[in-house]
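Report on the structure given below.
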Amino acid sequence: MKVWVFAELTPGGPTPATLELLAKAHELGDAEALALGPGATSAAPTLGAHGARTVYASDDPVYADHLAQPAAHAVKTLIETHGPDLILFPATYGARDVAGRLQAKLGSTLMANVIEITGADAARTQIAGGTLFVDVVLEGPSPRLIIVSPKAFVAQEVGGTAEIVPVEVEIPEYYTRVRRIEQHDEPASGPKLEEARVVVSGGRGLQDPSNITLLQQLADAVGGAAVGATRAIVDAGWIPYSHQVGQTGKTVKPDVYMAVGISGALQHLVGMKGSKFVIAINKDPEAPIFRVADLGVVGDALVVVPALIQELVKRRG
Amino acid sequence: MNVVVLVKSVIDPSGQPRLGPDFLMDRSAEGTLDPTDEFGVEAALQLTAESGGTVTALSMGPDGAGAAVRRAFAMGVDAGVLVTDPLLRGADTLATARVLAAAIAQAGFDLVLAGVESTDGYTGTLAVAVAEFLDVPSATFARKVSVADGVARIERQTESGYDVIECPLPAVITVTAGSTEPRYPTLKGIMASKSKTLESRTLADLGLDAAAVAATQRVSHVTPAPAKSGGVVIEAGDDAAVRIADALDQAKVI
Ligand SMILES: Cc1cc2nc3c(=O)[nH]c(=O)nc-3n(C[C@H](O)[C@H](O)[C@H](O)COP(=O)(O)OP(=O)(O)OC[C@H]3O[C@@H](n4cnc5c(N)ncnc54)[C@H](O)[C@@H]3O)c2cc1C
Ligand SMILES: Nc1ncnc2c1ncn2[C@@H]1O[C@H](COP(=O)(O)O)[C@@H](O)[C@H]1O
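See the structure below:
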């Protein structure tokens, strides 16, 4: 079985999600990667080391500057020559759009939010905040298209070397009508959410945007903890979007996740349910977050958190 | 400018799905406008308030899904279409995109607006598939949209910040929650909505047949995920901070 992985590229190399997908592709059959856009060729050794036998690569900026249409056209052309059985996409902004376009171009099935794949025709997703698993049989023309949730699989170095096959697909001007004219970075401060061993997240129960500082102090008192947030306080402008945990934000699986003033909506749970140990502080004993908590504290976060900071500082000595 | 806004009806806006015995989502109850799609409706109304034009709300679903369109009426959209057909029960994203694209093409459009992802389906790919069927450009994750001289200018959310995108019309754009605060229907809007007619279309009206909406995926099993066990909930008291610190200690993270 030939399994392609649509690689997401950054100036620092392929994204962690790309490497997670390669591990699964390698397990399922012959893994090959599609690397389109600046950094493609230089990403090939990393992709190879993580299981890709072949990397179809083009460094052409057309793939980065015009959103999904050029890539969808190129991938469709490559499919016609090489006939993969399955294509895996990371659940990122760019890759999702390519998958959606390909679905319509090919008439192939497309399944999103996938957490397990057992063959070219069977995959699993989760619904209801991760409380139900749904197994799905995929039918219709190959290749089947699958968008994989972050952290569903674990990246693995298998130590291979990839053969680079240059992609020389002509991109009609017709597909470059949308253009990116500016790029703005709003860098998140502090440790990275996806990598930190402890994530301290806040929700509307923090009461006031100024209490984000309290959360930050807690993260510092724990030492190296990352700060997360619910969509409610991101939308309210208390904290940048890059801190959002959940279905439309980041997926985290830290050793400890602390939910402060968070109700535990399904869309939030799906982004943190995989955490090893969950601590919840909420004044409402009925809050759904307590159902996934290993340690729940019913009380006012604005009282409990300062006391906890004090306790942690004391233990540090 | 003719704007078509896609509105999905959901049964439970908290996202808790109701499954029937055949594992298909039970959508028989009266629905409500997906909160995610209120942002699309709001963006459509603001854009046409600035530059003129009409807004049509379009939904696909059972009869109960008409509630989503009627809510859009009350918010102020001019026209509404519900595609409903027994053949569409359990339609997957490919069929849904094909059907919505056919209905949009029939209505005529300069701009299609949709939510990024629905509350109960959340594939986040539907709108781009619609754009591909319509053969027009698209931009997703817009947190700001403006239109001038037939070109949409979009602030598009990215992992690390945002991009500014230019997209010539006709086009499909998805807007994020948090783009603007959706308006609440006024009494006047609710009264005015009573005189608006919800137009109904079948597959045949759109020139489509059963083969066009044949399923490409089928649910084989639904199983509960292993439940969390052994969690304890305590009242905040003098020792809550100590208990939490002990737990952090045990997890070897401090
Ligand atoms: C399509 C879609 C996608 C979404 N994606 C996401 C996502 O990615 N991430 C996300 O987080 N949400 C997401 N949401 C939103 C989600 O449904 C919830 O609205 C959101 O998570 C709620 O945030 P919250 O817990 O901060 O606020 P609330 O639900 O308002 O909860 C606040 C909690 O604080 C408690 N509280 C109040 N005062 C105190 C106090 N003094 N001390 C302690 N506790 C207190 C309350 O008891 C309550 O439980 C999405 C929604 C939709 C429809
Ligand atoms: N049945 C439907 N009728 C109308 N619009 C829909 C339908 N399904 C999805 N959409 C639109 O597509 C967006 C993404 O939906 P989804 O693919 O379910 O995540 C929604 O926010 C709606 O705007």
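Chains as they are written, first to last, in our numbering: chain H, 1 to 317; chain Z, 318 to 571.
Think of the CB as a built atom: it goes at the ideal place given N, C-alpha and C, for glycine as much as any other residue.
First and last residue of the uninterrupted alpha helix (DSSP H) at glycine 48/H: The sequence position of residue 48/H within the first sequence is 48, counting from 1. Run containing glycine 48/H: 40 to 49, per the alpha helix (DSSP H) assignment.
Chain H contacts made by the segment 342 to 375 of chain Z, where a contact means CB separation under 7 Å: none
With 16 other Cβ atoms within 10 Å as the buried cut-off, status of glutamine 126/H: Against the first sequence, residue 126/H aligns to sequence position 126. Per the 10 Å Cβ criterion, buried.
Short CB-CB distance (under 9 Å) between glutamine 423/Z and chain H: As a position in the second sequence, residue 423/Z is number 106, starting the count at 1. No, glutamine 423/Z does not count as interfacial toward chain H.
Endpoints, beta strand (DSSP E) assigned at methionine 111/H: For this step, residue 111/H is matched to residue 111 along the first sequence. Unbroken beta strand (DSSP E) run through methionine 111/H: 110 to 119.
Alpha carbon of threonine 426/Z to alpha carbon of arginine 473/Z, nearest angstrom: For the purposes of this step, residue 426/Z is identified with residue 109 of the second sequence, where counting begins at 1. For the purposes of this step, residue 473/Z is identified with residue 156 of the second sequence, where counting begins at 1. Just to set this straight, residue 426/Z is phenylalanine in the shown sequence, not threonine. Taking the straight line from one Cα to the other gives about 22 Å.
Against chain Z: residues of the segment 83 to 116 of chain H by CB proximity under 9 Å: Ala91, Thr92, Tyr93, Gly94, Arg96, Asp97, Val98, Ala99, Gly100, Arg101, Leu102, Gln103, Ala104, Lys105, Gly107, Ser108, Thr109, Leu110, Met111, Ala112, Asn113
Residues of the segment 41 to 59 of chain H with Cβ closer than 8 Å to any Cβ of chain Z, in chain order: none
C-beta contact flag for methionine 358/Z and methionine 392/Z at 9 Å: Position 41 of the second sequence, counted from the first residue, corresponds to residue 358/Z. Position 75 of the second sequence, counted from the first residue, corresponds to residue 392/Z. The residue asked about is misnamed: residue 358/Z is valine in this sequence, not methionine. In this structure, methionine 392/Z lies closer than 9 Å to valine 358/Z by Cβ.
Contact list for the segment 187 to 211 of chain H against chain Z, Cβ threshold 9 Å: Pro187, Ala188, Arg197, Val198
Ranges of the alpha helix (DSSP H) found wholly within the segment 362 to 420 of chain Z, counting only runs of at least 4: 383 to 392
Beta strand (DSSP E) segment containing threonine 54/H, residue limits: For the purposes of this step, residue 54/H is taken as residue 54 along the first sequence, with counting starting at 1. Looking at the DSSP string, the run of the beta strand (DSSP E) that includes threonine 54/H is 54 to 58.
Check: aspartate 318/H C-beta below 8 Å from any heavy atom of ligand 1: Outside the modelled stretch of chain H, which goes from 1 to 317, sits residue 318/H, for which no answer is possible.
Nearest candidate by alpha-carbon position, reference valine 98/H, set Gly407/Z, Thr442/Z, Ala389/Z, Thr373/Z: Looking up residue 98/H in the first sequence gives position 98. Among Gly407/Z, Thr442/Z, Ala389/Z, Thr373/Z, the Cα nearest to that of valine 98/H belongs to Thr442/Z.
CA nearest to the CA of phenylalanine 390/Z, picked from Gly381/Z, Pro379/Z, Val372/Z: On the second sequence, position 73 is the one that residue 390/Z refers to. The option with the nearest alpha carbon to phenylalanine 390/Z is Val372/Z.
Member of Arg197/H, Val270/H, Thr248/H, Gly39/H whose CA lies at the smallest distance from the CA of alanine 542/Z: Translated into the one-based positions of the second sequence, residue 542/Z becomes position 225. With distances taken between Cα atoms, alanine 542/Z lies closest to Val270/H.
Any C-beta of chain H under 9 Å from that of lysine 569/Z: Here residue 569/Z corresponds to residue number 252 of the second sequence, with the count starting at 1. Chain H, which has a Cβ nearer than 9 Å to the Cβ of lysine 569/Z, makes this yes.
Proximal chain Z residues relative to glutamate 286/H, where beta-carbon distance stays under 8 Å: Taking the first residue of the first sequence as 1, we reach residue 286/H at position 286. Those do not exist, as glutamate 286/H stays about 11 Å from chain Z at its closest Cβ, beyond 8 Å.
CB of proline 397/H within 9 Å of CB of threonine 46/H, strictly: As displayed, chain H neither begins before 1 nor continues past 317, which places residue 397/H out of reach and without an answer.
DSSP state of leucine 341/Z mapped onto helix, strand, coil: In the second sequence, the residue the question calls residue 341/Z occupies position 24. Residue state, collapsed to three classes: coil.
Spatial distance of threonine 540/Z from isoleucine 507/Z (CA atoms): Working through the second sequence from its first residue, we reach residue 540/Z at position 223. Working through the second sequence from its first residue, we reach residue 507/Z at position 190. Each residue's alpha carbon lies about 42 Å from the other.
Paired residues, beta bridge with isoleucine 482/Z - DSSP: Counted from its first residue, the second sequence places residue 482/Z at position 165. According to DSSP, isoleucine 482/Z bridges with Arg180/H, Ile471/Z.
C-alpha gap between arginine 335/Z and phenylalanine 450/Z, whole angstroms: On the second sequence, position 18 is the one that residue 335/Z refers to. On the second sequence, position 133 is the one that residue 450/Z refers to. Computed Cα separation, rounded: 30 Å.
is_contact[tyrosine 63/H, chain Z] using C-beta, thresh 9 Å: As a working mapping, residue 63/H is identified with position 63 in the first sequence. It does not: the Cβ of tyrosine 63/H has no partner Cβ on chain Z nearer than 9 Å.
Closest by C-alpha distance to valine 292/H, when choosing among Ser546/Z, Val559/Z, Leu341/Z, Ala568/Z: Your numbering for residue 292/H matches position 292 in the first sequence. The residue with the shortest Cα to Cα distance from valine 292/H is Ser546/Z.
9 Å Cβ cutoff, glutamate 182/H in contact with chain Z: For the purposes of this step, residue 182/H is taken as residue 182 along the first sequence, with counting starting at 1. It does; some Cβ of chain Z falls within 9 Å.
With 16 other Cβ atoms within 10 Å as the buried cut-off, status of glutamine 328/H: Chain H is shown only over 1 to 317; residue 328/H falls outside these bounds and no answer can be derived.
Pair within 9 Å by beta-carbon distance, leucine 399/Z and serine 376/Z: Within the second sequence, the letter at position 82 stands for residue 399/Z. Within the second sequence, the letter at position 59 stands for residue 376/Z. In contact: leucine 399/Z and serine 376/Z (Cβ atoms closer than 9 Å).
is_contact[glycine 159/H, chain Z] using C-beta, thresh 9 Å: Translated into positions along the first sequence, residue 159/H becomes position 159. Not one chain Z Cβ lies under 9 Å of glycine 159/H.
Limits of the unbroken alpha helix (DSSP H) element including histidine 268/H: Numbered from 1 along the first sequence, position 268 holds the residue referred to as residue 268/H. 266 to 269 is the span of the alpha helix (DSSP H), which, as asked, contains histidine 268/H.
C-alpha gap between alanine 23/H and valine 3/H, whole angstroms: Here residue 23/H refers to the residue found at position 23 when the first sequence is read from its first residue. Here residue 3/H refers to the residue found at position 3 when the first sequence is read from its first residue. Cα-Cα distance, rounded: 11 Å.
Neighbour-count burial assignment, proline 70/H, 16 or more Cβ in a 10 Å radius: Translated into the one-based positions of the first sequence, residue 70/H becomes position 70. Label assigned to proline 70/H: buried.
Closer than 8 Å: lysine 325/Z CB and nearest ligand 2 heavy atom: The sequence position of residue 325/Z within the second sequence is 8, counting from 1. Yes, Cβ of lysine 325/Z sits closer than 8 Å to a heavy atom of ligand 2.
Sequence-distant residues of its chain with Cβ nearer than 6 Å to leucine 86/H (five each side left out): Here residue 86/H is taken as the residue at index 86 of the first sequence, counted from 1. Same-chain partners within the cutoff: Val3, Ala120, Pro143, Arg144.
Distance between arginine 177/H and valine 468/Z (C-alpha atoms, nearest Å): Here residue 468/Z corresponds to residue number 151 of the second sequence, with the count starting at 1. Here residue 177/H corresponds to residue number 177 of the first sequence, with the count starting at 1. The alpha-carbon atoms of valine 468/Z and arginine 177/H are separated by roughly 10 Å.
Contacts that leucine 411/Z makes with chain H (C-beta to C-beta distance below 9 Å): Position 94 of the second sequence, counted from the first residue, corresponds to residue 411/Z. Gln103, Ala104, Gly107, Ser108, Thr109, Leu110, Gly140, listed in chain order.
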